[in-house]
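Participant: Attaching a single structure in structure tokens format; questions to follow.
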Amino acid sequence: MFRRSGPTDCTILWEGRALPARAGEPLAAALLAAGVVAFRETPVSGAPRGPFCLMGACFDCLVEVEGVPNRQACLVPVTPGMRAGPQRGARGAP
Amino acid sequence: MREVALLILGAGPAGLAAAIEARARGLEVLLLDENHGPGGQVHRAVGGSYTPARGSPGADQAREGLRLIEAFRACGAEARFGASLWAVEEDRSVIWSEGGVARRARAGVLLLCPGAIERPLPIPGWTLPGVMGVGAAQTLLKSAGLLPEGRAWLAGQGPLLWLYAAQVLARGGRIAGILDLSPPGGWRRAARHLPAALTAPGYLLRGLGWMARLRRAGVPVIRARALAAEGGERLTHIVFDGRREAADLLLLHDGVAPNTQITRAIQGCAHVWDEAQASLRPVLDPWGRTSRPGILVAGDGAGIGGARAAALSGRIAALEAARQLGALTEEQRDALAGPLLLRRAAELAPRPFLDALFPPLPAARIPDGTILCRCEEVTAGRVRAATALGAQGPNQLKAYLRAGMGPCQGRVCGPAVQAVMAAARGVPPGALEGLRTRFPTRPVTVGELASLA
Ligand SMILES: Cc1cc2nc3c(=O)[nH]c(=O)nc-3n(C[C@H](O)[C@H](O)[C@H](O)COP(=O)(O)OP(=O)(O)OC[C@H]3O[C@@H](n4cnc5c(N)ncnc54)[C@H](O)[C@@H]3O)c2cc1C
Ligand code: FES
Chain A
1 MFRRSGPTDC
11 TILWEGRALP
21 ARAGEPLAAA
31 LLAAGVVAFR
41 ETPVSGAPRG
51 PFCLMGACFD
61 CLVEVEGVPN
71 RQACLVPVTP
81 GMRAGPQRGA
91 RGAP
Chain B
95 MREVALLILG
105 AGPAGLAAAI
115 EARARGLEVL
125 LLDENHGPGG
135 QVHRAVGGSY
145 TPARGSPGAD
155 QAREGLRLIE
165 AFRACGAEAR
175 FGASLWAVEE
185 DRSVIWSEGG
195 VARRARAGVL
205 LLCPGAIERP
215 LPIPGWTLPG
225 VMGVGAAQTL
235 LKSAGLLPEG
245 RAWLAGQGPL
255 LWLYAAQVLA
265 RGGRIAGILD
275 LSPPGGWRRA
285 ARHLPAALTA
295 PGYLLRGLGW
305 MARLRRAGVP
315 VIRARALAAE
325 GGERLTHIVF
335 DGRREAADLL
345 LLHDGVAPNT
355 QITRAIQGCA
365 HVWDEAQASL
375 RPVLDPWGRT
385 SRPGILVAGD
395 GAGIGGARAA
405 ALSGRIAALE
415 AARQLGALTE
425 EQRDALAGPL
435 LLRRAAELAP
445 RPFLDALFPP
455 LPAARIPDGT
465 ILCRCEEVTA
475 GRVRAATALG
485 AQGPNQLKAY
495 LRAGMGPCQG
505 RVCGPAVQAV
515 MAAARGVPPG
525 ALEGLRTRFP
535 TRPVTVGELA
545 SLA
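Taken in order, these protein sequences are the chains called A and B.
Here my numbering is used: position 40 in the first sequence is 40, and no number is missing along the way.
Take any residue in the second sequence, note its place counting from 1, add 94, and you have its number in my numbering.
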């Protein structure tokens, strides 16, 4: 879907798998550049979803970051070693 | 509780220019933005990961953005980034979340500069991973240097689509094709607005330049009427006017519309349906005053005018805030604002031309099986069925369907739902009451709430 035009400088862990990333970039960008397209499943039909707006409006990019669910991957900046995983099923206030 | 003279939401051109102007009038300023740096949508990551080469598409604008951001950094306003505002209370206290903690401050004057969001372009299959907004892809380009890979298609209409395509080519990226969905007869419709638009020819010339760049690169531009995305776990194909093509990425665009998520949730803050922009906007006077005392709106959140007009309206609203807070007399405000009002009118001159060239795509043509509300997966057909059963508008629809009740609270689908219902009832969208939003305008955790106490 997307490729990088610049270098990476750290790694993050997606479901335990190490992916290259750049500190400070949106987590959603790091995942997309690494070929992750589905970030979550919808609570209604279980359909896969990925980021749509990249600006905090659509909530389609919800993931778990450091064990905290319902984080918008487009608004979370990457920090080296950050651990994240897909959001499954219910969302809303944990 | 913390008190602050002027609280500004949004660090795009409107909010940044407002903060600089307010500081020049001696006001104390606190500015909040959920992004992690200044610039808003247009100047996102300028000077950082987004530094276009001289002469490349968007480079002039980036230079303007850099100047604005530098002036802002020097102006003495307090800026809090990663700060997402989700409530405005009766006494103009606002509540925001920042690093997992909720904070509150009371504003003497509250100036909201929340900008625009991409107007959704609902087509069959648009919820598949691999389909996103053109503006979203541009955000990836600015904030992380990402370029499309594989067979990337752009579809829809509007200046941002052409700008993004030109930016991709300038960086060595590839585009499989552009599907131009703009309603036929655009130039004919827009012709009568051309003289006004030519008073600020920069806009038109830049747009024609982007289109020429694409032609030179041999990117196919195909006129199409109907479009669908197909795939199982992700996008694999697009289908348009009976043709089927492999696709790895589909970027949709139908212009941008005011982001009214916060303003609509404020009790007593009146909004109207804007026919040209097919969306709601707050009712404002030339200073940006809403129908609620002490609450002002500036920038694209007030109605789409572009980056320069946004900065000017930010400054104009800041002068009015200074008057309300006693830092300027009415005469002083008027003297300072006069030239700005004239410049803003000049910047807005090309807008009727652009609006006529790219009128939002008609909601009546959205097929029944297409999802409108992405959060709750509600299709256009079900919205039409509920309308036939008597749902009068988007707010009544909630009694029938969960459309607009997911975490985005109708931010994305609201205008489309309103337009589809109006078309089904055979009335103009403005005849329906727009979807009301509620605070908190985003999901808030128990921990965040607890931290407020
Ligand atoms: C995705 C996208 C890309 C665009 N790209 C371009 C471009 O390249 N060139 C161009 O000329 N125009 C572009 N535009 C049009 C753009 O609307 C204007 O040019 C300009 O950015 C408007 O300035 P503004 O200050 O009104 O709002 P914006 O620049 O949109 O700034 C609004 C700010 O408010 C913040 N905000 C909103 N709500 C909240 C909240 N609840 N809590 C905290 N912060 C909040 C946002 O994070 C944002 O930073 C784009 C629009 C979009 C939607
Ligand atoms: S992609 Fe829309 S909220 Fe993150």
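Using N, Cα and C, we set each Cβ at its ideal position, and we do this for glycine too.
Taking Cβ positions, are Pro26 (chain A) and Leu75 (chain A) nearer each other than 8 angstroms?
Facilitator: Position 26 of the first sequence, counting from 1, holds the residue named residue 26 (chain A). Position 75 of the first sequence, counting from 1, holds the residue named residue 75 (chain A). Yes, the pair counts as a contact, with Cβ atoms nearer than the cut-off.
Participant: Measuring CB atoms only, is the stretch 389-396 of chain B touching the stretch 409-417 of chain B, in the sense that at least three cross pairs come out at less than 8 angstroms?
Facilitator: Enough Cβ pairs lie closer than 8 angstroms, so yes.
Participant: Just to be sure I understand the criterion: a residue counts if its Cβ is closer than 7 angstroms to at least one heavy atom of ligand 2. Which residues meet that?
Facilitator: Listed along the chain, these residues meet the criterion: A:Ala28, A:Pro51, A:Phe52, A:Cys53, A:Leu54, A:Met55, A:Gly56, A:Ala57, A:Cys58, A:Phe59, A:Asp60, A:Cys61, A:Gln72, A:Ala73, A:Cys74, A:Leu75 and B:Ala230.
Participant: Check for me: the alpha helix (DSSP H) holding Glu158 (chain B) runs from which residue to which?
Facilitator: Walking along the second sequence from the start, residue 158 (chain B) turns up at place 64. Unbroken alpha helix (DSSP H) run through Glu158 (chain B): Ala153 to Ala168.
Participant: Does Val506 (chain B) come within less than 8 angstroms of chain A when only Cβ atoms are used?
Facilitator: Position 412 of the second sequence, counted from the start, is the residue given in the question as residue 506 (chain B). With 8 angstroms as the cut-off, Val506 (chain B) counts as an interface residue toward chain A.
Participant: Going along the chain, which unbroken runs of the alpha helix (DSSP H) with 4 or more residues stay wholly within the stretch 472-514 of chain B?
Facilitator: As far as the stretch 472-514 of chain B is concerned, its whole alpha helix (DSSP H) runs of at least 4 residues are 474-482 and 488-491.
Participant: Report the three-state DSSP secondary structure of Asp449 (chain B) (helix, strand or coil).
Facilitator: Here residue 449 (chain B) corresponds to residue number 355 of the second sequence, with the count starting at 1. Helix, per DSSP.
Participant: Going along chain A, which residues have a C-beta under 7 angstroms from Cys469 (chain B)?
Facilitator: Here residue 469 (chain B) refers to the residue found at position 375 of the second sequence. Chain A residues near Cys469 (chain B): Phe59.
Participant: If we cut at 8 angstroms on Cβ distances, does Pro48 (chain A) have a partner in chain B?
Facilitator: By 1-based counting over the first sequence, the position of residue 48 (chain A) is 48. Chain B, which has a Cβ nearer than 8 angstroms to the Cβ of Pro48 (chain A), makes this yes.
Participant: Roughly how many angstroms separate the alpha carbons of Leu31 (chain A) and Val37 (chain A), rounded to a whole number?
Facilitator: Within the first sequence, the letter at position 31 stands for residue 31 (chain A). Within the first sequence, the letter at position 37 stands for residue 37 (chain A). If you take the alpha carbons of Leu31 (chain A) and Val37 (chain A), they lie about 8 angstroms apart.
Participant: Roughly how many whole angstroms lie between the Cα atoms of Val228 (chain B) and Gly498 (chain B)?
Facilitator: The residue you call residue 228 (chain B) lines up with position 134 of the second sequence. The residue you call residue 498 (chain B) lines up with position 404 of the second sequence. The straight-line gap from Cα to Cα measures roughly 23 angstroms.
Participant: On the DSSP bridge list, what partners appear for Glu324 (chain B)?
Facilitator: Position 230 of the second sequence holds residue 324 (chain B). According to DSSP, which records beta bridges pairwise, Glu324 (chain B) is partnered with B:His331.
Participant: Are the stretch 438-456 of chain B and the stretch 466-482 of chain B touching by the rule of at least three beta carbon pairs closer than 8 angstroms?
Facilitator: With the cut-off at 8 angstroms, the stretch 438-456 of chain B and the stretch 466-482 of chain B do not touch.
Participant: Have a look at B:Thr464, B:Ala201 and B:His365 and flag the residue whose alpha-carbon is nearest the alpha-carbon of Arg96 (chain B).
Facilitator: Along the second sequence, one-based indexing puts residue 96 (chain B) at 2. Taking only the C-alpha atoms, the option nearest Arg96 (chain B) is B:Ala201.
Participant: So what's Pro289 (chain B) in DSSP terms, helix, strand or just coil?
Facilitator: Sequence index remark: in the second sequence, residue 289 (chain B) carries index 195 (1-based). In the structure shown, Pro289 (chain B) sits in a helix (DSSP, three-state: H, G or I).
Participant: If you follow the alpha helix (DSSP H) that Gln426 (chain B) is in, where does it begin and where does it stop?
Facilitator: Counting from 1 along the second sequence, the entry for residue 426 (chain B) is found at position 332. Its alpha helix (DSSP H) spans residues Glu424 to Leu442.
Participant: For the stretch 331-349 of chain B, which residues have a beta carbon sitting closer than 8 angstroms to at least one beta carbon of chain A?
Facilitator: Here the close residues are Asp342 and Leu343.
Participant: I need the straight-line Cα distance from Leu321 (chain B) to Glu115 (chain B), nearest angstrom please.
Facilitator: The count along the second sequence starts at 1 and reaches residue 321 (chain B) at position 227. The count along the second sequence starts at 1 and reaches residue 115 (chain B) at position 21. Straight-line Cα distance between these residues: approximately 46 angstroms.
Participant: Just reading off the alpha helix (DSSP H) that Ala340 (chain B) is part of, what are its end residues?
Facilitator: Within the second sequence, numbered from 1, the residue matching residue 340 (chain B) stands at position 246. No alpha helix (DSSP H) holds Ala340 (chain B); the beta strand (DSSP E) holding it covers Arg337 to Ala340.
Participant: Rounding to the nearest angstrom, what Cα-Cα distance links Gly104 (chain B) and Gly362 (chain B) in this structure?
Facilitator: Counting from 1 along the second sequence, the entry for residue 104 (chain B) is found at position 10. Counting from 1 along the second sequence, the entry for residue 362 (chain B) is found at position 268. If you take the alpha carbons of Gly104 (chain B) and Gly362 (chain B), they lie about 22 angstroms apart.
Participant: Counting only beta-carbon separations shorter than 8 angstroms, does Cys53 (chain A) have a partner in chain B?
Facilitator: Residue 53 (chain A) sits at position 53 when you count from the first residue of the first sequence. Yes, because at least one Cβ of chain B sits closer than 8 angstroms to the Cβ of Cys53 (chain A).
Participant: Name the one or two DSSP bridge partners that Asp109 (chain A) has.
Facilitator: Within the shown structure, residues of chain A are numbered from 1 to 94, placing residue 109 (chain A) beyond reach of any answer.
Participant: Exposed or buried, what is Pro295 (chain B) when buried is set at 16 or more other beta-carbons lying within 10 Å of its beta-carbon?
Facilitator: Locating residue 295 (chain B) in the second sequence gives position 201, where the first residue counts as 1. Exposed is the call here.
Participant: Please find out if some non-hydrogen atom of ligand 1 comes closer than 7 angstroms to the beta-carbon of Asp394 (chain B).
Facilitator: Walking along the second sequence from the start, residue 394 (chain B) turns up at place 300. Checking every heavy atom of ligand 1 against the Cβ of Asp394 (chain B), one is found closer than 7 angstroms.
Participant: Mind checking whether the beta-carbon of Pro534 (chain B) lies closer than 7 angstroms to any heavy atom of ligand 4?
Facilitator: The model depicted lacks ligand 4 and carries ligand 1 and ligand 2 instead.
Participant: Taking only beta-carbon positions, decide if Arg532 (chain B) is within less than 8 angstroms of chain A.
Facilitator: As a working note, residue 532 (chain B) is residue 438 in the second sequence. No, Arg532 (chain B) lies away from the interface with chain A (no Cβ there is under 8 angstroms from its Cβ).
Participant: Identify each residue in the stretch 368-381 of chain B for which the Cβ-Cβ distance to at least one residue of chain A is less than 7 angstroms, and report them in chain order.
Facilitator: Cβ contacts with chain A come from no residue of the stretch 368-381 of chain B.
Participant: Smallest Cα separation from Leu273 (chain B): which of B:Ala285, B:Leu121, B:Ala284 and B:Ala246?
Facilitator: Position 179 of the second sequence holds residue 273 (chain B). Out of B:Ala285, B:Leu121, B:Ala284 and B:Ala246, B:Ala246 has the C-alpha closest to the C-alpha of Leu273 (chain B).
Participant: Taking the alpha carbon of Ala173 (chain B) as the reference point, which residue from B:Leu101, B:Val366 and B:Gly484 has its own alpha carbon closest?
Facilitator: Here residue 173 (chain B) corresponds to residue number 79 of the second sequence, with the count starting at 1. It is B:Leu101.
Participant: Relative to the alpha-carbon of Arg40 (chain A), which residue among B:Leu222, B:Leu466, B:Gly487 and B:Leu299 has its alpha-carbon at the smallest distance?
Facilitator: Within the first sequence, the letter at position 40 stands for residue 40 (chain A). Comparing Cα positions, the closest option is B:Leu222.
Participant: Among all the DSSP beta bridges, which residues are the ones paired with Glu172 (chain B)?
Facilitator: Indexing the second sequence from 1 puts residue 172 (chain B) at position 78. Its beta-bridge partners are B:Leu124.
Participant: Taking the alpha-carbon positions, what's the Gly16 (chain A) to Pro7 (chain A) distance?
Facilitator: The residue labelled residue 16 (chain A) in the question sits at position 16 within the first sequence. The residue labelled residue 7 (chain A) in the question sits at position 7 within the first sequence. Looking at the two C-alpha atoms, the distance is approximately 22 angstroms.
Participant: Can you grab the Cα-Cα spacing for the pair Gly266 (chain B) / Leu298 (chain B), in whole Å?
Facilitator: Position 172 of the second sequence, counted from the start, is the residue given in the question as residue 266 (chain B). Position 204 of the second sequence, counted from the start, is the residue given in the question as residue 298 (chain B). Going by the C-alpha atoms only, they are around 25 angstroms apart.
Participant: Which value, in whole angstroms, describes the spacing of the CA atoms of Gln9 (chain A) and Pro253 (chain B)?
Facilitator: Within the first sequence, residue 9 (chain A) is the residue found at index 9, counting from 1. Within the second sequence, residue 253 (chain B) is the residue found at index 159, counting from 1. Note on residue identity: the sequence assigns Asp, not Gln, to residue 9 (chain A). If you take the alpha carbons of Asp9 (chain A) and Pro253 (chain B), they lie about 34 angstroms apart.
Participant: So Gly170 (chain B) packs on Gly325 (chain B), CB below 8 angstroms; how close in whole Å?
Facilitator: The sequence position of residue 170 (chain B) within the second sequence is 76, counting from 1. The sequence position of residue 325 (chain B) within the second sequence is 231, counting from 1. Not confirmed; about 51 angstroms, so no contact.
Participant: Inspect the CB distances between the stretch 530-547 of chain B and the stretch 514-521 of chain B and report whether three or more fall short of 8 angstroms.
Facilitator: No, they do not touch.
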